[in-house]
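*Asks:* Sequences listed follow chains G and U, in order. Taking the working numbering, the leading residue of the first sequence gets 33, the next gets one more, and so forth. Taking the working numbering, the leading residue of the second sequence gets 102, the next gets one more, and so forth. For every residue, glycine included, the Cβ atom is placed at its ideal position computed from N, Cα and C. Predicted, not measured: the structure shown is a model, and the values here were computed from it. The structure follows.
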Amino acid sequence: KNEVEQSPQNLTAQEGEFITINCSYSVGISALHWLQQHPGGGIVSLFMLSSGKKKHGRLIATINIQEKHSSLHITASHPRDSAVYICAVRGTASKLTFGTGTRLQVTL
Amino acid sequence: GAGVSQSPSNKVTEKGKDVELRCDPISGHTALYWYRQRLGQGLEFLIYFQGNSAPDKSGLPSDRFSAERTGESVSTLTIQRTQQEDSAVYLCASSLMPAGGQDTQYFGPGTRLTVL
Numbered sequence: 033k034n035e036v037e038q039s040p041q042n043l044t045a046q047e048g049e050f051i052t053i054n055c056s057y058s059v060g061i062s063a064l065h066w067l068q069q070h071p072g073g074g075i076v077s078l079f080m081l082s083s084g085k086k087k088h089g090r091l092i093a094t095i096n097i098q099e100k101h102s103s104l105h106i107t108a109s110h111p112r113d114s115a116v117y118i119c120a121v122r123g124t125a126s127k128l129t130f131g132t133g134t135r136l137q138v139t140l
Numbered sequence: 102g103a104g105v106s107q108s109p110s111n112k113v114t115e116k117g118k119d120v121e122l123r124c125d126p127i128s129g130h131t132a133l134y135w136y137r138q139r140l141g142q143g144l145e146f147l148i149y150f151q152g153n154s155a156p157d158k159s160g161l162p163s164d165r166f167s168a169e170r171t172g173e174s175v176s177t178l179t180i181q182r183t184q185q186e187d188s189a190v191y192l193c194a195s196s197l198m199p200a201g202g203q204d205t206q207y208f209g210p211g212t213r214l215t216v217l
């Protein structure tokens, strides 16, 4: 079993839909990251959180430390949100352990 | 520069040759990370630098892989006697704060390595 599991692996949505991507992890962590990888390969850090909830524009990330679970929500989705969304966790060491990603396709 | 830069952007080499990949982190960032992403797979951690020391090399897949960093600036990842399974995108990231701090990692565009 991977230390970081994401679901779904693939997601297709219509423009305007509310999207949720889930991440579960099995180890103790100091922080959880959500990353976005564009079709061209570039990676952008969206959020880093260790508790509670963060919001940036149409993106919301939540984490429940007790349940070892985080969600990334996208409100009013748009085709430009199409990308791979990656959950990564950091334990006591400095390295990140990554989930396999969720491929999101938003259509008109 | 404004962001993390990597060079070359693409590298094609023959099996058995050595390659050097370069990463220029954001100025002032003390932490530097190397990751690998094979085709269709997730990101894998390779090595982490704090300044010019590497407290975590646990992700290096074999002794053919090595990395060094000059001060708090450029880092090079060297792969000796390349194999076809080394083909991947090699990503570098840097962050401002030392280990244990809550820091955002800024990623470079990657170097796509193809071993024929």
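For residue 157 (chain U), which three-state DSSP category applies?
*Replies:* Mapped onto the second sequence, residue 157 (chain U) falls at position 56. Strand at residue 157 (chain U).
*Asks:* Please work out which residues of its chain come closer than 7 Å, Cβ to Cβ, to residue 113 (chain G), disregarding the five sequence neighbours upstream and downstream, and give them in chain order.
*Replies:* Along the first sequence, read from residue 1 onward, the residue named residue 113 (chain G) stands at position 81. Result list for residue 113 (chain G): 106, 136 and 138, in chain order.
*Asks:* Could you name the residues of chain G that residue 140 (chain U) contacts, counting a contact when the two beta carbons are closer than 8 Å?
*Replies:* Taking the first residue of the second sequence as position 1, residue 140 (chain U) is located at position 39. Counting only Cβ-Cβ distances below 8 Å, residue 140 (chain U) has no contacts in chain G at all, with the closest Cβ about 11 Å away.
*Asks:* Counting only beta-carbon atoms, is residue 161 (chain U) nearer than 8 Å to chain G?
*Replies:* Looking up residue 161 (chain U) in the second sequence gives position 60. It does not: the Cβ of residue 161 (chain U) has no partner Cβ on chain G nearer than 8 Å.
*Asks:* By the three-class DSSP mapping on this structure, what secondary structure does residue 137 (chain G) have?
*Replies:* As a working mapping, residue 137 (chain G) is identified with position 105 in the first sequence. Three-state DSSP puts residue 137 (chain G) in a strand.
*Asks:* At a cut-off of 7 Å, is residue 115 (chain U) close to the ligand ZN when judged by its beta-carbon and the heavy atoms of the ligand?
*Replies:* With respect to the ligand ZN, the structure shown offers nothing to examine, as it has no ligands at all.
*Asks:* Mind pulling the chain U residues with CB within less than 8 Å of residue 61 (chain G)?
*Replies:* For the purposes of this step, residue 61 (chain G) is taken as residue 29 along the first sequence, with counting starting at 1. Those do not exist, as residue 61 (chain G) stays about 11 Å from chain U at its closest Cβ, beyond 8 Å.
*Asks:* Cβ closer than 8 Å: which chain G residues qualify as neighbours of residue 206 (chain U)?
*Replies:* Translated into positions along the second sequence, residue 206 (chain U) becomes position 105. In chain order: 65, 77 and 128.
*Asks:* Any Cβ of chain G within less than 8 Å of the Cβ of residue 190 (chain U)?
*Replies:* Here residue 190 (chain U) corresponds to residue number 89 of the second sequence, with the count starting at 1. Yes, residue 190 (chain U) counts as interfacial toward chain G.
*Asks:* CB-CB under 8 Å to residue 152 (chain U), same chain, minus the five flanking residues each way: which ones, in chain order?
*Replies:* Position 51 of the second sequence, counted from the first residue, corresponds to residue 152 (chain U). Hits under 8 Å: 131, 170, 172 and 173.
*Asks:* Assuming contact is defined by CB atoms lying nearer than 8 Å, are residue 116 (chain G) and residue 36 (chain G) in contact in what I supplied?
*Replies:* Residue numbering aside, residue 116 (chain G) sits at position 84 when the first sequence is read from its first letter. Residue numbering aside, residue 36 (chain G) sits at position 4 when the first sequence is read from its first letter. Taking 8 Å as the cut-off, the Cβ atoms of residue 116 (chain G) and residue 36 (chain G) do not count as close.
*Asks:* Using the Cα positions of residue 129 (chain U) and residue 191 (chain U), report the straight-line distance between them to the nearest angstrom.
*Replies:* The sequence position of residue 129 (chain U) within the second sequence is 28, counting from 1. The sequence position of residue 191 (chain U) within the second sequence is 90, counting from 1. In a straight line, the C-alpha of residue 129 (chain U) is about 22 Å away from that of residue 191 (chain U).
*Asks:* Check distances from the C-beta atoms of the stretch 108-123 of chain G to those of chain U and list, in chain order, the residues that come in under 8 Å.
*Replies:* 118 and 120
*Asks:* What whole-angstrom Cβ distance do residue 194 (chain U) and residue 208 (chain U) have, given they're in contact under 8 Å?
*Replies:* Taking the first residue of the second sequence as 1, we reach residue 194 (chain U) at position 93. Taking the first residue of the second sequence as 1, we reach residue 208 (chain U) at position 107. Their Cβ separation, rounded to whole angstroms, is 5 Å, which keeps residue 194 (chain U) and residue 208 (chain U) in contact under 8 Å.
*Asks:* Below 9 Å on C-beta distance, what does residue 166 (chain U) contact in chain G?
*Replies:* Counting from one through the second sequence, the residue named residue 166 (chain U) turns up at place 65. Per Cβ cutoff of 9 Å: no residues; residue 166 (chain U) is ~15 Å from chain G at best.
*Asks:* What's the C-alpha gap between residue 59 (chain G) and residue 102 (chain G)?
*Replies:* Indexing the first sequence from 1 puts residue 59 (chain G) at position 27. Indexing the first sequence from 1 puts residue 102 (chain G) at position 70. Going from the Cα of residue 59 (chain G) to the Cα of residue 102 (chain G) covers about 13 Å.
*Asks:* Whole angstroms are fine: how far does the CA of residue 217 (chain U) sit from the CA of residue 211 (chain U)?
*Replies:* Stepping through the second sequence from its first residue, residue 211 (chain U) is reached at position 110. Stepping through the second sequence from its first residue, residue 217 (chain U) is reached at position 116. Computed Cα separation, rounded: 19 Å.
*Asks:* Sorted by chain position, which residues of the same chain lie with C-beta nearer than 7 Å to residue 121 (chain U)'s C-beta, five sequence neighbours on each side aside?
*Replies:* Residue numbering aside, residue 121 (chain U) sits at position 20 when the second sequence is read from its first letter. So the list reads 177 and 179, once near-sequence residues are dropped.
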